[in-house]
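In full-length UniProt numbering, the protein residues as written are 1 to 142. All C-beta atoms in this analysis are idealised placements derived from N, C-alpha and C, irrespective of residue type, glycine included. First comes the structure, then the notes that go with it.
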Amino acid sequence: MGSIRGSELCKNILNEFNYDFGNVFVFDGFVISEINQGITFSWELHAKKIVEDVSSFFDTDGNDIIYISHRINSYAVKPVDWLHFFKHSYNLKGYGVVGYTQGSFMNSFVENLFFNKKIKRFSSIDAAVQWATDKILAEVED
């Protein structure tokens, strides 16, 4: 349940965005976010900056990006803010949530009401990364 920084995944990081509200780790075809304890995650204060930075790094609108929320800390998400994400014509290939508590999964159920695709839920970061990798490889083979 530790950060990506202390894991084997660290050696595969292409870029890292560090914010006062958390960190985003960029990999080949997917990103992993780790939001700080106690944050109320919103479009204006947090997500917009992440989307701009990641989109600029990949030079994309996100349609080919998989986003994994690694919820190692307890924080709140404003689920209705997903509407801002889509209003700006952003999209994702996939969205996964890694949760270690019942609360982190409960938040994702509410988020799913506003997110236009199915949110995948995982109990380990390794399982989420494997899902993202498999999803990327499946499209390469097609």
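| Asked | Found |
| --- | --- |
| Alpha-carbon spacing of Val97 relative to Gln130, whole angstroms | 13 Å |
| Beta-carbon proximity list for Asn23, same chain, < 6 Å, skipping 5 on both sides | Glu34 |
| Three-state secondary structure (DSSP) of Asn23 | strand |
| Separation of Ser69 from Val77, as counted between CA atoms | 11 Å |
| Which of helix, strand or coil DSSP assigns to Ile15 | The sequence shown places Asn at residue 15, not Ile. Three-state result, Asn15: strand. |
| Reference Ser7, options Phe25, Asn18 and Phe17, closest by Cα | Phe25 |
| Option nearest Ser42 by Cα separation, candidates Gly2, Val31 and Val80 | Val80 |
| Distance between Ser123 and Ser56 (C-alpha atoms, nearest Å) | 30 Å |
| Ranges of the alpha helix (DSSP H) found wholly within the segment 37–67, counting only runs of at least 4 | 48–58 |
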